[in-house]
Each structure stands twice: as C-alpha cells, then as structure tokens.
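Novice: My structure is below; once you've seen it, I'll send some questions.
2 protein chains.
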Amino acid sequence: MNNFEFKNPTKIIFGKDTIEKIATEIPENAKVLVLYGGGSIKKNGVYNQVKAALSQFETVEFGGIPANPEYAVLMEALKVIKDENITYLLAVGGGSVIDGTKFLSSAALFEGETPWDILTKNIRTEKGMPFGTVLTLPATGSEMNSGAVITRAETQEKLAMGGPGLFPEFSVLDPKVIASIPERQLANGITDAFTHVLEQYMTYPIGASLQDRFAESILQTLIEVAPKVLKDPTDYTATADFMWSCTMALNGLIQKGVPTDWAVHAIGHELTALFGIDHARTLAVIAPSHYKFNFEAKKEKLAQYGERVWNITEGSLDEKAHAAIERTEAFFNELGIDTKLSDYTKDYNGTAEKIAQRFTDRGWVALGEHQTLSPDKVEKIVKMAY
Amino acid sequence: MNNFEFKNPTKIIFGKDTIEKIATEIPENAKVLVLYGGGSIKKNGVYNQVKAALSQFETVEFGGIPANPEYAVLMEALKVIKDENITYLLAVGGGSVIDGTKFLSSAALFEGETPWDILTKNIRTEKGMPFGTVLTLPATGSEMNSGAVITRAETQEKLAMGGPGLFPEFSVLDPKVIASIPERQLANGITDAFTHVLEQYMTYPIGASLQDRFAESILQTLIEVAPKVLKDPTDYTATADFMWSCTMALNGLIQKGVPTDWAVHAIGHELTALFGIDHARTLAVIAPSHYKFNFEAKKEKLAQYGERVWNITEGSLDEKAHAAIERTEAFFNELGIDTKLSDYTKDYNGTAEKIAQRFTDRGWVALGEHQTLSPDKVEKIVKMAY
Chain A
-12 MNNFEFKNPT KIIFGKDTIE KIATEIPENA KVLVLYGGGS IKKNGVYNQV KAALSQFETV
48 EFGGIPANPE YAVLMEALKV IKDENITYLL AVGGGSVIDG TKFLSSAALF EGETPWDILT
108 KNIRTEKGMP FGTVLTLPAT GSEMNSGAVI TRAETQEKLA MGGPGLFPEF SVLDPKVIAS
168 IPERQLANGI TDAFTHVLEQ YMTYPIGASL QDRFAESILQ TLIEVAPKVL KDPTDYTATA
228 DFMWSCTMAL NGLIQKGVPT DWAVHAIGHE LTALFGIDHA RTLAVIAPSH YKFNFEAKKE
288 KLAQYGERVW NITEGSLDEK AHAAIERTEA FFNELGIDTK LSDYTKDYNG TAEKIAQRFT
348 DRGWVALGEH QTLSPDKVEK IVKMAY
Chain B
-12 MNNFEFKNPT KIIFGKDTIE KIATEIPENA KVLVLYGGGS IKKNGVYNQV KAALSQFETV
48 EFGGIPANPE YAVLMEALKV IKDENITYLL AVGGGSVIDG TKFLSSAALF EGETPWDILT
108 KNIRTEKGMP FGTVLTLPAT GSEMNSGAVI TRAETQEKLA MGGPGLFPEF SVLDPKVIAS
168 IPERQLANGI TDAFTHVLEQ YMTYPIGASL QDRFAESILQ TLIEVAPKVL KDPTDYTATA
228 DFMWSCTMAL NGLIQKGVPT DWAVHAIGHE LTALFGIDHA RTLAVIAPSH YKFNFEAKKE
288 KLAQYGERVW NITEGSLDEK AHAAIERTEA FFNELGIDTK LSDYTKDYNG TAEKIAQRFT
348 DRGWVALGEH QTLSPDKVEK IVKMAY
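Protein chains in written order, with our numbering: chain A, -12 to 373; chain B, -12 to 373.
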C-alpha cells in the first residue's frame, strides 16, 4: 500500500424526507444563494421542499446552470454573489450544479486577477465560501468530495479544480428524488459511478486488499441494483443502494493508498467538449478501448475484477481479463449506453488526432497510472473507440 | 436502508515513516500533553520519533495508562492538564491510551460536578480539548471514531462515552509499529476488529447491499492477512492491510443505515470488569454463544456471511448459518484465542447470574438489534459460553 492522507469532513444526511434538515445546517444569519439547473426541481417537489426549509433565511436564487457547468453562466452567478453580499451557497441539483457551486465557492473568495486562473493555473482552493448540497441526481460523487470540472464553451475546454476548501459542509441525499429522474440520466449515473470505481481500481496489483474489495463491493452493488433502478425508480431499497454507491465511488476512500488511472476521464472530457456527448457516455466509449490498448499493464486487475465481480472462473488469466472487458461493455449496453463514438456522431473522423494535439498543446505529456500514455497512444485509443 | 447521518472529520496520515508529520498537525503555540501506556513505545522507537517530531513544542508527559483505561489514573492525568495549562493532547498508544485521552479531552472542558458524570449520566461531548493520536496497536478503531470505554476498578465498571467533539483531529497510522507487537496482542487486535464488524453486520437483512459488502470486505481482508501478520509482523503489505481494516471496522461507515447489535460487547465488557480477561478474548467467548442463542433472528445474515466470507456453499440456509458460527469459532481458535470462559478462569460459576443482575441494576432492560435480550436471556448466553 502506498502512503496516503485521508480527510473527508462532509456531513452526509441520508434518507427519505431529509431535505428539511438543511435548515439546521446553515448558519442562522446566512444570506443564501440557492443554485439549481434547468428547473426539474420545480416539477419534482424538491424546490418546494427547499423553499419551505429555508423560510427563515434570506435567500436569492440562481437557476439555469447547464450540464457541464459553463464558465460564462457561472460568472453571472458570481456577480449575484458579490452584488447581493451572499454568505452561503446551496447547490440543489446533480454533479453539474454542485461542481458549478464549488467553482463559485472558490471564485467568491479568490483574490487573483481572474477566476479563470483557478482552472488554468491549477490553483488549489484552501478556503472557499461555505456551501451545502441537496443532491437530485446520483452519479458524480461531487456531493462528498472536493473536486469539480468546469466547461468553457468559448474555448471548448473542460478543466478540473479542487482543494480541501471545497468539501460541501453537508449534503442531503434523499433517494426519493430518484423517482422522477428520466431513465437516460439514471443510466448515465450508473455508468458514471461504475467508471469512477474502475479508474481507481483497474491499474495493477499493489496488495491493498481492503481497497480492492471496497471497489469491488461498489461495482457489485451497482450491477445488482442497476436493472431494479431502471425498471422502477420508486424502488426505495434499490435507489438508496444506488445513491450511496455513487457517493462512495468518488469520495476519496477507495483511491487512498493505491495507484489511480483517470485516463478514461481525461480523454472522455475531450469528447464532451468537442461533441457535447453526455459525460457518462464518453466514459463508456473510451473505457473498453483503453483497457484493450493497455491490456498487458492491466490484465492482472482485469482478471481479478472478472473473477470477483462477474464470476468469470473459466480460462487463463488473459482469457478472464479479456472476458472482463467484454462483460463491462455488455453491461453498459444493457443500460442502453452505446460504446462507440460512431454511435454518437457521424463527424468522428480526425477526432483522435485532434484530441492528441490538444493534450500536446496543453503540455500533458502522459496519462494513466504509469504516466506512459503519451498523446500518440491516446490517439490510438480514441481510434479504437470509433 | 434506514435514514442516517455520517460525518467523520478525522484526518488519517497512513504509511511508513509518517510519525514526523505530527509536527505540522499540532497548532504552533500548543502546550502538548503526550499520553502513553506501559512504556513499550520507549523500546520500539516510537517514543523517540514522537519526541523528535515535537522538539519545537512545549511538552509534558504522562505515561502508565493501563489496558482498560482506569478512571483513577486518568484523574491524575487530568490534574496534570489543569496544573500545567495543557492545550493539546497527543495519545501515543493503542485503544486504551486513545480512549483514555478522549475521556481527558472531554473532562478537561467539563463544567459539571465530577467527570464521572460524563460516564454515568451519558453526557455527550460536543466539544473537547483538541487531540491527535499516534496509533501503536491496530484493534479498536478508536483512532478514527468518537467513542471511548473507561474502566473504574473501584466499582468493577466499564462504561462508554462519546460525542462529535471526540473525533481525533488527526491520527498517524504507521504499519511499521506492528513489527514489535507481541503475537498475543496481534491476535487480540484481529479478533477485536473482526467482532466489531460482526456487531454491525450480524443482525437481519435490510437491503443495504453496499454496507453488507463493505463489512464482508473487512472480514475477508482480516481473514486473509491474519496468518501473515501473526507469522511475520514485519510483512509490510499484510500489516498495512490489517491496520487499515481495523480502522475501517469501527469508524462509523459500515454501521450507517443498518441495524446494529453490540450485545457481544456489552456482555464482554462485564467479563473484563469481573475477571480482567483481555477485551478481544471476551468477545470471542461471547460471540459464538450469542449467535447460537439468537439463531432464528440472525440466520439469514449468518448464512449470507457463511457463503460470501467463508465460501460455505453446501446445505440449507440453516446448515450454512450453523457452519458459519462454527467457522468463526475455529477462526478465533486458529489465532490462538480460546472461546470458552472456563479456558480463562476456574471461578466461572455464578458469572451468568452476576452479569444479568448487573444489567438489571443498571436499568439495561434489553440488548441487541431487536432490543429483546433481557437480562434472563443474557444469563443463558453467558452460561452457554462457560
């Protein structure tokens, strides 16, 4: 096991009818900016629950944060924070709204020239404006971690930020919100969480038995509940397992002490930036090709995953590892998620070269747990995913 | 899944040669009381590492905290805290030293009549004197939770305390400290952590798939590493897995959203109070009888545990559940841990009645996940363990 440090101070409030509890988590004298997305919270009752809980607070609202939270929109919200002397942020939404709120938490107290620097100069946020979240879409894990990904349409860029100041103070996870989520987004959420685990697990054996088993536990649970959640999103038991699994998939725990990859995300982000493909779907496009291309480096873990998660007991180590990749792709397909770039766009020619060039331009020399995936290898992986 | 709240703000610093990092975790102007036990830290090098790390701090020492931290000894340490105007506590030891430090953290700021009230009146500690820990014996999980158990020899009592103010600010976990731990204590640590998981898992199915799998992951890892750790406590990979498993076994995570039992601990504490038997060994004495006595209520989970953790695939549900109890008792025996009270004392007659009476006197009407274990049933369980 590698040396590690772990601290995650976010308070999780989990369960049915818990949204009202935000009132006791936010400081009494706070002036709260309530941030949300396209307005689905006004249809599913979450908005009303939040409003009722905040009736004793001075609040301002900012809706319309898009999927892949857009820098230009967030800069409008930042203006509201300054103009209205906001002291507390409340994200009500999925990963995009929460990530956007993290950017605002950081930008609100940022003293540099432009908040864009936070993203391009990798400025770690030690202290942000305090914020909480009400999660409406399980997927990204942003509700219990300190990272965010922000998009800038103008430059077709999607960049990451983070720091210990960006943990939510609290996050409310009420699985009942899942009942009104469209099937497409549920499938995305399952795929996103599943791939988060793979990024922290599908590397090489390092003897961290507990982290391996925790990762496998999340994968097994997602596989078990996926058909139930898609069939009946009012199945409370299944949706609760799903929601908690998504949070545990990316709250820092399973990545501690082990090598991590994240190449699938790095490449996938480019597909979202270039084509607007749903984040989760870009992961399902890239992951199988990535594992095939890096087969020799990852085959021990692929075989272990095949055995423990998919009960693949027959064949040599190589055969089990290959079967595990196939089973993973089939799982995404069973969720209704296509796994080839050509399923999403006819305009895919030249994409591999373009992404490789963008990585080169940005100075990203090499990706992956061994830092050996140079832009020319990324190009090959993307081509395999056409 | 039941509703739950989860927050664990302790910072874990894990890995080889990490003790020096305490210097950057303690506030610069702190006056530190370093607490330890019988002095083993002076033989294994930990004391020198701590002293070197704290060379820039004003420190006072208090050694001699015994296993099952004794109230009278802690009251002496409390006097030192007051007389010396201590502002920060550093526990260097195992669960007993850390639990004792938690009591002192609470008692140092306690404004009631006598600190004994914290234990007898179930006073929850919202804020204590800040403290960190350097763990020297993996077992209790106290390094990452907010609970403690304190013993008072005078009245043969062992009582619990806790509260959100009692999380360590940081805990340093260097698996290299395990190299010098005697085999007896290593076996105790494995047994203690294993039973902690059972207390939070061996109840009844509630459909919390992820918590079940996490619990099983810890059990599987402990089973895997136990023979390696006992054979060669310098095996870094195995000791690191062991150390992290003990912490995860009782840091709150696996008990969230599920029913918990804790009857084994409640009864076991009495055996320590009455006979001075090592805490872990009392658990190994009580657990098998407890599961046999409550077989009908627990058999679904017993069978699931048998299948997933011990690969017991043959037989009916009842047969698997019985086999799982037998396998658990055999596991304790393989660690060199006896599982009958008569293995520890010839003076066991009347123990069951005495413990039942103590529970009755203390007003403990019923134990267990269903709160149905009345003192007369406890009496039967203890008799089965003779």
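By construction, the Cβ of each residue, glycine as well, lies at the ideal position given by its N, Cα and C atoms.
Between residue 318 of chain B and chain A, is there a C-beta pair that is closer than 8 Å?
Specialist: Against the second sequence, residue 318 of chain B aligns to sequence position 331. Not an interface residue.
Novice: Starting from the C-beta of residue 86 of chain A, find all residues in its chain whose C-beta is less than 7 Å away, skip the five residues before and the five after it, and write them out in chain order.
Specialist: As a working mapping, residue 86 of chain A is identified with position 99 in the first sequence. Closer than 7 Å at Cβ, skipping near neighbours: 56, 129, 135, 136, 137.
Novice: Within 10 angstroms of its Cβ, does residue 158 of chain B collect 16 or more other Cβ (buried), or is it exposed?
Specialist: Translated into positions along the second sequence, residue 158 of chain B becomes position 171. The residue is buried, with at least 16 neighbouring Cβ atoms inside 10 Å.
Novice: With residue 368 of chain B and residue 254 of chain B assumed to form a contact (beta carbons below 8 Å), what rounded beta-carbon distance in angstroms separates them?
Specialist: Translated into positions along the second sequence, residue 368 of chain B becomes position 381. Translated into positions along the second sequence, residue 254 of chain B becomes position 267. Contact flag correct, Cβ pair sits at about 7 Å.
Novice: Measure the beta-carbon distance from residue 36 of chain A to residue 7 of chain A and round it to whole angstroms, keeping in mind my assumption that it falls under 8 Å.
Specialist: Here the question's residue 36 of chain A lines up with position 49 in the first sequence. Here the question's residue 7 of chain A lines up with position 20 in the first sequence. Residue 36 of chain A to residue 7 of chain A, Cβ: 7 Å. Contact.
Novice: Could you check where the alpha helix (DSSP H) with residue 333 of chain A kicks off and where it finishes?
Specialist: Taking the first residue of the first sequence as position 1, residue 333 of chain A is located at position 346. Unbroken run through residue 333 of chain A: none, as it is neither H nor E.
Novice: I need the DSSP call for residue 39 of chain A, collapsed to helix, strand or coil.
Specialist: Taking the first sequence and counting its residues from 1, the one referred to as residue 39 of chain A is at position 52. Helix.
Novice: To which residues of the same chain is residue 160 of chain B closer than 8 Å at the C-beta, ignoring the five residues directly before and after it?
Specialist: Locating residue 160 of chain B in the second sequence gives position 173, where the first residue counts as 1. Counting only Cβ-Cβ distances below 8 Å, and skipping sequence neighbours, we find -1, 0, 1, 2, 5, 122, 125, 130, 230, 231, 234.
Novice: Exposed or buried, which one is residue 98 of chain A when buried takes at least 16 other CB atoms within 10 Å?
Specialist: Residue 98 of chain A sits at position 111 when you count from the first residue of the first sequence. Exposed is the call here.
Novice: Anything in the stretch 188 to 200 of chain B with a Cβ closer than 9 Å to a Cβ of chain A? List those residues in chain order, please.
Specialist: Cβ contacts with chain A come from 193, 194, 195, 196, 197, 198, 199, 200.
Novice: Can you have a look at residue 352 of chain B and say buried or exposed, based on whether 16 or more other CB atoms are within 10 angstroms of its CB?
Specialist: By one-based count along the second sequence, residue 352 of chain B stands at place 365. Classification for residue 352 of chain B: exposed.
Novice: Just how far apart, CA to CA, sit residue 21 of chain B and residue 148 of chain B?
Specialist: Along the second sequence, one-based indexing puts residue 21 of chain B at 34. Along the second sequence, one-based indexing puts residue 148 of chain B at 161. Going from the Cα of residue 21 of chain B to the Cα of residue 148 of chain B covers about 22 Å.
Novice: Report yes if the C-beta distance between residue 119 of chain A and residue 92 of chain A is below 8 Å; otherwise report no.
Specialist: The residue labelled residue 119 of chain A in the question sits at position 132 within the first sequence. The residue labelled residue 92 of chain A in the question sits at position 105 within the first sequence. No, Cβ-Cβ distance for residue 119 of chain A and residue 92 of chain A is not below 8 Å.
Novice: For residue 214 of chain B and residue 32 of chain B, I'd like the C-alpha separation in whole angstroms.
Specialist: Here residue 214 of chain B is taken as the residue at index 227 of the second sequence, counted from 1. Here residue 32 of chain B is taken as the residue at index 45 of the second sequence, counted from 1. If you take the alpha carbons of residue 214 of chain B and residue 32 of chain B, they lie about 25 Å apart.
Novice: At what residues does the beta strand (DSSP E) containing residue 139 of chain A begin and finish?
Specialist: Stepping through the first sequence from its first residue, residue 139 of chain A is reached at position 152. From DSSP, the beta strand (DSSP E) with residue 139 of chain A extends over 134 to 139.
Novice: Rounded to whole angstroms, what is the Cα-Cα separation between residue 169 of chain B and residue 80 of chain B?
Specialist: Along the second sequence, read from residue 1 onward, the residue named residue 169 of chain B stands at position 182. Along the second sequence, read from residue 1 onward, the residue named residue 80 of chain B stands at position 93. Residue 169 of chain B and residue 80 of chain B: Cα-Cα distance of roughly 14 Å.
Novice: Taking DSSP as the reference, what is the three-state secondary structure of residue 48 of chain B?
Specialist: Numbered from its first residue, the second sequence carries residue 48 of chain B at position 61. In this structure, residue 48 of chain B counts as strand in the three-state DSSP scheme.
Novice: Can you tell me which residues form a DSSP beta bridge with residue 438 of chain A?
Specialist: Residue 438 of chain A cannot be examined here, being either before or after the span of chain A that is shown, -12 to 373.
Novice: Measuring only between beta-carbons, confirm whether residue 208 of chain A sits less than 8 Å from chain B.
Specialist: Within the first sequence, the letter at position 221 stands for residue 208 of chain A. Closer than 8 Å: yes.
Novice: Closest to residue 282 of chain A by CA distance: which of A/311, A/227, A/113 is it?
Specialist: As a working mapping, residue 282 of chain A is identified with position 295 in the first sequence. Ranking the options by Cα distance to residue 282 of chain A, first place goes to A/311.
Novice: Could you give the uninterrupted runs of the alpha helix (DSSP H) lying entirely in the stretch 154 to 236 of chain A, keeping only those of 4 residues or more?
Specialist: Correct list: 170 to 188, 196 to 218, 223 to 236.
Novice: Which residues in the same chain as residue 28 of chain B place their Cβ atom closer than 8 Å to its Cβ, once the five residues preceding and following it in sequence are excluded?
Specialist: In the second sequence, counting from the first residue as 1, residue 28 of chain B sits at position 41. Cβ within range, chain order: 34, 37, 79, 80, 123.
Novice: Name the chain B residues whose beta carbon is nearer than 9 Å to that of residue 244 of chain A?
Specialist: Within the first sequence, the letter at position 257 stands for residue 244 of chain A. The answer, in chain order, is 1, 2, 227, 231.
Novice: Taking the CB atoms as reference points, tell me whether residue 244 of chain B and residue 62 of chain B lie closer together than 8 Å.
Specialist: Within the second sequence, numbered from 1, the residue matching residue 244 of chain B stands at position 257. Within the second sequence, numbered from 1, the residue matching residue 62 of chain B stands at position 75. No; because the gap between Cβ atoms is not below 8 Å, this pair is not in contact.
Novice: Could you tell me which whole beta strand (DSSP E) segments of length 3 or greater appear in the stretch 47 to 110 of chain A?
Specialist: Those beta strand (DSSP E) runs which fall completely within the stretch 47 to 110 of chain A and span 3+ residues are 75 to 80.
Novice: Select from the stretch 96 to 120 of chain B all residues with a C-beta closer than 7 Å to any C-beta belonging to chain A, and list them in chain order.
Specialist: Under the 7 Å Cβ criterion, the stretch 96 to 120 of chain B contributes no residue.
Novice: Three-state secondary structure (DSSP) at residue 326 of chain A?
Specialist: On the first sequence, position 339 is the one that residue 326 of chain A refers to. Coil at residue 326 of chain A, not helix or strand.
Novice: Examine chain B for any beta-carbon lying closer than 8 Å to the beta-carbon of residue 214 of chain A, and answer yes or no.
Specialist: Your numbering for residue 214 of chain A matches position 227 in the first sequence. So, not an interface residue.
Novice: Exposed or buried, which one is residue 24 of chain A when buried takes at least 16 other CB atoms within 10 Å?
Specialist: Here residue 24 of chain A refers to the residue found at position 37 when the first sequence is read from its first residue. Flag for residue 24 of chain A reads buried.
Novice: Just to make sure I have the definition right: I need the residues of chain B whose C-beta is within less than 9 Å of the C-beta of residue 224 of chain A. Which are they?
Specialist: Looking up residue 224 of chain A in the first sequence gives position 237. What residue 224 of chain A touches in chain B: -12, 193, 194, 195, 196.
Novice: Quick one: does residue 52 of chain A have its CB under 8 Å from some CB of chain B?
Specialist: As a position in the first sequence, residue 52 of chain A is number 65, starting the count at 1. So no, residue 52 of chain A is outside the interface.
Novice: What did DSSP end up calling residue -4 of chain B once you bin it into helix, strand or coil?
Specialist: The residue you call residue -4 of chain B lines up with position 9 of the second sequence. Note: residue -4 of chain B maps to strand in three-state DSSP.
Novice: Taking only beta-carbon atoms, is residue -8 of chain A less than 8 Å away from chain B?
Specialist: In the first sequence, the residue the question calls residue -8 of chain A occupies position 5. Output row for residue -8 of chain A: interface = yes.
Novice: To the nearest angstrom, how far is the alpha carbon of residue 350 of chain B from that of residue 359 of chain B?
Specialist: For the purposes of this step, residue 350 of chain B is taken as residue 363 along the second sequence, with counting starting at 1. For the purposes of this step, residue 359 of chain B is taken as residue 372 along the second sequence, with counting starting at 1. Going by the C-alpha atoms only, they are around 14 Å apart.
Novice: Any idea what DSSP makes of residue 123 of chain B, helix, strand or coil?
Specialist: Against the second sequence, residue 123 of chain B aligns to sequence position 136. Correct three-state label for residue 123 of chain B: coil.
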